[in-house]
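Residue numbering for the sequence shown follows the UniProt record's numbering, starting at 1 and increasing by one per position.
For glycine and all other residues, C-beta sits at the position ideal for the given N, C-alpha and C.
Because the structure is a prediction, the values reported are computed rather than measured.
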Amino acid sequence: MGKKNFRGKGRRGGGGGRGSHANGGWRDYPAIAKEHENFQNYYDSLLQLPEEEKKEFWDALRRDLPNSFRFAGSKGHALSVKRHLQTRYIPEIVKIEHQDGRPVEPPQPVPWYPDELAWWMTTPKNVVRKFPPFAAFQKFLVSETSVGNISRQEVVSMIPPLLMDVRPGHVVLDMCAAPGSKAAQLLEMIHQGEEARVKKVLRTFAEEDGLVVGKETQDEIDVDLDADPSDAGRATGLLIANDSDYKRGHMLVHQLKRLSSPNLIVTNHDAVQFPSIKLPSEAGKNVYLKFDRILADVPCSGDGTLRKNVNLWKEWQPGSGLGLHLTQVRILVRALQMLKVGGRVVYSTCSMNPVENEAVVAAAIARCGGKENVEIVDCSNELPNLKRRPGMKSWKIIDKTSRVWNSWEDVEKFAKEENEGVVPGKVVQTMFPLPEGSDGFDLPLERCMRVYPHLQDTGGFFITVLEKKTDFKARPENESKSTVTLNQTKASGQADVVLDEESKPTAETEQTQKPAESDEAAAPGSKRSLDTSEAEELPAKKLKAGGESSEAATPVVQQTETNNKPKKNGPTEEPFKYLDPSHPVIQNIKEFYKLSTRFPDDRYMVRNEMGEPAKGIYYTTQRIRDILTENEGRGIKFVHGGVRMYMKQDAPSAEVCRWRIQAEGMPIVQGYVGEPRVVHLTSKETFHKLLIEMFPRIADDQWKNFNEIGERVRDIGMGCTVLRIEPEGDDPDFSESMALPLWKSIQSLNLMLPKEDRAAMLLRVYNDTSPLINIGLQKDQKNKANANGKVEETEATEGAAKENGEEKPAGDDNAAVEDLPTPEGME
């Protein structure tokens with residue numbers, strides 16, 4: 001797909017591409033040549049594509065990758081946002097023409113993604129961003145992405161979660177989760193059906209309490225409460241999203257917080273040494289978490305990403321895939337160790353190299369006892385519209401010097417006869433296909449899935465689904481190594497000998513282990529570490545790796561070296577401290593919001609050493625509470641857990657609760673808040689006023705401007721309330737029920753939403769792109785003008801800052817109290 005020329009502005013640059021401002025000061029960088037002789041020769045011989053397909057394959061690799069995105073969140077909400085794309089934006093896009101008069105191809109659904117929730121288009125990103133006819137569509141993408149309703153994600157990266165068969169109640173681990181697009185898919189699957197289940201349960205509660213309830217929705221009628229029955233309809237599953245890089249771990253938190261899930265834990269560990277997580281158990285018994293599903297989307301050379309990472313055309317080296325092979329095997333073995341019997345591991349890479357793919361799968365299965373213990377699942381009937389090729393059964397190895405090796409025997413012969421017993425750098429036996437007649441030769445590697453760029457205009461990708469058939473003790477990775485390999489490691493200073501398999505993966509050993517270079521003489525027994533060249537070959541993605549309970553001994557793990565010597569003054573996380581239900585703050589919250597006794601009050605948590613509510617109060621599932629409390633002090637690096645439910649807020653009097661409900665926690669608690677703290681809104685016009693106006697006034701009869709909620713907001717007590725949006729009528733743009741936090745002050749109201757959420761709702765429901773109106777700021781400026789005769793720019797700026805913070809707006813004693821709360825995202 002080459003750059004397109006469109007009618008209108010910016011034709012000279014091919015649609016506004018790089019270098020289009022010939023006289024405007026932009027530097028015109030030479031395009032990277034999408035040619036690499038060794039790369040093409042290697043894959044031409046390796047992939048063994050039919051001659052008629054080879055040209056298609058290379059032509060596809062040289063084209064820009066289509067833009068793709070996925071509608072995220074609950075299925076009902078995702079379908080609602082998708083409808084706007086189909087009815088509001090695509091009809092306008094099809095009117096746009098290329099310079100030669102051809103119509104622009106609009107976004108199309110990805111043919112194999114369920115419910116048409118993934119879409120792609122061939123128009124270049126820079127054209128969508130800069131070409132005026134796409135302005136409305138671009139604003140839609142940016143707006144919905146900012147609030148988490150759209151995930152900008154390459155289509156092949158959407159495949160692994162779909163093959164995991166995640167079901168409600170499952171315990172899931174994403175071993176190498178950053179930046180979080182696949183983890184978000186997994187989290188959505190854990191919450192699948194939750195919205196309808198909760199509605200059905202709350203309806204039952206209301207009927208038991210003698211309250212009048214409306215008509216059941218079709219979703220409530222269809223939902224199966226037994227799918228996840230143990231927590232009043234709420235999801236009981238768990239996702240642990242792990243990443244070895246601390247900063248990327250916090251980026252992961254930022255991405256996943258948009259889904260507002262109390263079922264999420266984020267950890268920061270080397271995937272190879274992911275620690276065993278202890279569960280509560282009887283005295284004298286050790287019970288550790290086992291996982292139903294594990295995603296091992298491991299670090300790789302990334303040569304399947306050439307279409308978006310064009311620098312790889314000049315940076316690819318013959319041995320690019322060799323340095324990560326052993327790490328990939330160790331990650332996969334660790335995943336299989338932590339898996340329940342009957343559970344699934346999905347192993348994936350964005351590489352086309354069998355050294356990182358089929359060879360890793362075969363080596364890991366061999367270490368785990370063979371196909372009797374671990375089965376490669378046949379997924380040929382899953383995602384039937386996805387075009388794929390079977391895994392490879394034979395391949396050659398190309399080393400760093402471009403030498404091609406047909407078998408391990410050839411390597412041994414060369415080492416013995418020509419290279420003083422030293423094996424070429426980083427080439428190991430497990431990289432080669434098993435010879436005919438050997439144990440494991442009949443492993444059905446053809447069940448692995450290869451996705452090539454020319455099949456459906458995607459990137460290159462590899463996926464394998466593995467099922468654990470029985471418990472096993474993994475074999476040490478050096479068990480079958482020959483003396484030639486030992487000579488190699490002695491010559492290179494890289495020892496592959498491992499600690500005893502019975503040694504368990506604890507967070508303490510990971511944190512306190514000596515780096516390899518400080519070990520005396522790097523003697524046998526030390527761990528192989530990624531050397532400098534290996535570290536340089538790591539892609540931008542993190543170093544990836546990773547229960548229902550098992551009363552067996554602690555899961556075994558392959559201990560390996562890492563250069564993760566504890567850093568002095570390094571990053572530390574605040575502890576997780578749960579509050580006693582009898583805590584005065586919890587009692588105050590329950591009384592103020594008239595919370596039902598059915599709502600669990602033993603899952604509230606704070607993040608500070610003292611264990612006292614200071615700024616925020618979090619909420620988690622019971623399973624996460626068990627994990628965080630049981631593993632306190634065991635050195636496991638928990639970065640994030642649960643969802644923020646309440647934030648502390650200055651209040652005008654002792655009668656007003658200082659803890660306001662956060663927007664992200666509202667869906668969890670809103671059904672249990674008593675009617676005295678609830679406002680019911682049914683009018684689209686009223687909702688628009690609350691969205692576009694910040695701090696609208698209700699004093700001096702201005703409450704009448706709020707139509708059906710006017711009297712209610714006039715009479716309700718000050719503080720945080722639950723605004724239940726219950727649309728009436730058949731307007732498809734205003735049909736989705738919602739619950740949002742609304743703050744009632746002495747003289748005004750304020751919908752407690754971040755600016756980007758307000759803007760997204762205005763665009764989605766009203767197709768309104770007008771700027772927000774800050775009534776409180778306008779009043780502040782007016783008071784200053786009256787007092788000073790003019791409003792200087794510096795004073796206006798100061799007033800805006802105070803209004804958007806937690807300070808008293810200047811010039812209005814009444815406003816001093818009423819407008820204290822500020823929507824999240826504006827502080």
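Pairwise C-alpha distance: G76 and V198: If you take the alpha carbons of V198 and G76, they lie about 14 Å apart.
Cβ-based burial, M610 [other Cβ within 10 Å; buried from 16]: Exposed is the call here.
C-alpha gap between L455 and G391, whole angstroms: Approximately 15 Å between the Cα atoms of the pair.
Check whether G633 and M605 have beta carbons under 9 Å apart: Cβ atoms of G633 and M605: not closer than 9 Å.
In chain order, each alpha helix (DSSP H) run of at least 4 residues that lies wholly inside the region 628–683: Those alpha helix (DSSP H) runs which fall completely within the region 628–683 and span 4+ residues are 666–669.
The beta strand (DSSP E) enclosing N242, as first and last residue numbers: Where N242 is concerned, the enclosing beta strand (DSSP E) stretches over L238 to N242.
Contact the region 438–456 vs the region 283–291: 3+ CB pairs below 8 Å: Touching, no, given that fewer than three Cβ pairs across the two stretches are closer than 8 Å.
When M761, A31 and V643 are compared against K314, the one with the closest alpha-carbon: Of the residues M761, A31 and V643, the one whose Cα lies closest to the Cα of K314 is A31.
Per DSSP, the bridge partner or partners of V606: Answer is K577.
K95, DSSP secondary structure in three states: In this structure, K95 counts as coil in the three-state DSSP scheme.
Where W703 sits in the DSSP three-state scheme: The three-state secondary structure of W703, taken from DSSP, is helix.
Status (buried if at least 16 other CB within 10 Å, exposed otherwise) for S380: Residue environment analysis places S380 among the exposed positions, since fewer than 16 neighbouring C-beta atoms fall within 10 angstroms of its C-beta.
Identity of the residue in N41, V428, I93 and V346 nearest G323 by Cα: Here the closest residue by C-alpha is V428.
8 Å CB neighbourhood of V310 in its chain, flanking five on each side removed: Excluding residues within five positions, the ones whose Cβ falls inside 8 Å are I32 and K34.
Close-in-space but distant-in-sequence residues of the same chain around A78 (CB under 7 Å, 5 per side omitted): Answer for A78: F71, A72 and L117, listed in chain order.
DSSP state of T267 mapped onto helix, strand, coil: Looking at T267 - three-state DSSP - the assignment turns out to be strand.
Length of the line joining the Cα atoms of V110 and C176: Taking the straight line from one Cα to the other gives about 25 Å.
Option nearest I240 by Cα separation, candidates Q185, F205 and D174: Looking only at Q185, F205 and D174, the smallest Cα-Cα distance to I240 is reached by D174.
Sheet register partners of K393 (DSSP bridge): DSSP output for K393 lists no bridge partner at all.
Inter-residue CB distance, I376 and R447 (contact presumed, cutoff 8 Å): Confirmed, Cβ separation roughly 4 Å.
Residue(s) in a DSSP beta bridge with C720: Looking at the DSSP output, C720 sits in a beta bridge with W743.
Beta carbon of R660 nearer than 9 Å to that of P741: In this structure, P741 lies closer than 9 Å to R660 by Cβ.
Cβ separation of L336 and K468, assumed to be a contact under 8 Å, to the nearest whole Å: That belief holds up - the Cβ atoms of L336 and K468 are roughly 6 Å apart, short of 8 Å.
For W316, the first and last residue of its enclosing alpha helix (DSSP H): Here W316 belongs to no alpha helix (DSSP H), and DSSP marks it neither H nor E.
Close beta carbons around R712, own chain, < 7 Å, minus the five adjacent residues each side: These residues qualify, in order along the chain: V679.
Limits of the alpha helix (DSSP H) - the one that M338 falls within: For M338, the uninterrupted alpha helix (DSSP H) segment begins and ends at H325 to M338.
Assigned exposure category for L211 - 16 Cβ within 10 Å defines buried: It is exposed - the Cβ of L211 has fewer than 16 other Cβ atoms within 10 Å.
heavy atom of the ligand SAM below 8 Å from H84 C-beta: No copy of the ligand SAM appears in this structure; indeed no ligand is present at all.
Within the region 157–195, ranges of the beta strand (DSSP E) (whole runs, at least 3 residues): Counting only runs that start and end inside the region 157–195, the beta strand (DSSP E) elements of at least 3 residues fall at 171–174.
CA-to-CA distance, G237 to V94, given in whole angstroms: Cα to Cα, the separation comes out at about 42 Å.
Buried or exposed (CB count within 10 angstroms, at least 16 for buried), V341: Answer is exposed; the Cβ neighbour count stays below 16.
Assumed close pair T267, V643 - CB separation to whole angstroms, cut-off 8 Å: Contact doesn't hold; Cβ gap of about 17 Å is too wide.
In chain order, each alpha helix (DSSP H) run of at least 4 residues that lies wholly inside the region 379–441: Listed in chain order, the alpha helix (DSSP H) elements of length 4 or more contained wholly in the region 379–441 are 408–418.
Inter-residue Cα distance where the pair is P161 and V172: So the alpha carbons of these two residues sit roughly 11 Å apart.
Between the CA atoms of E207 and L225 - distance to the nearest angstrom: Distance between the alpha carbons of L225 and E207: 17 Å.
Coarse secondary structure for A118, derived from DSSP in three states: A118 falls in the strand class under three-state DSSP.
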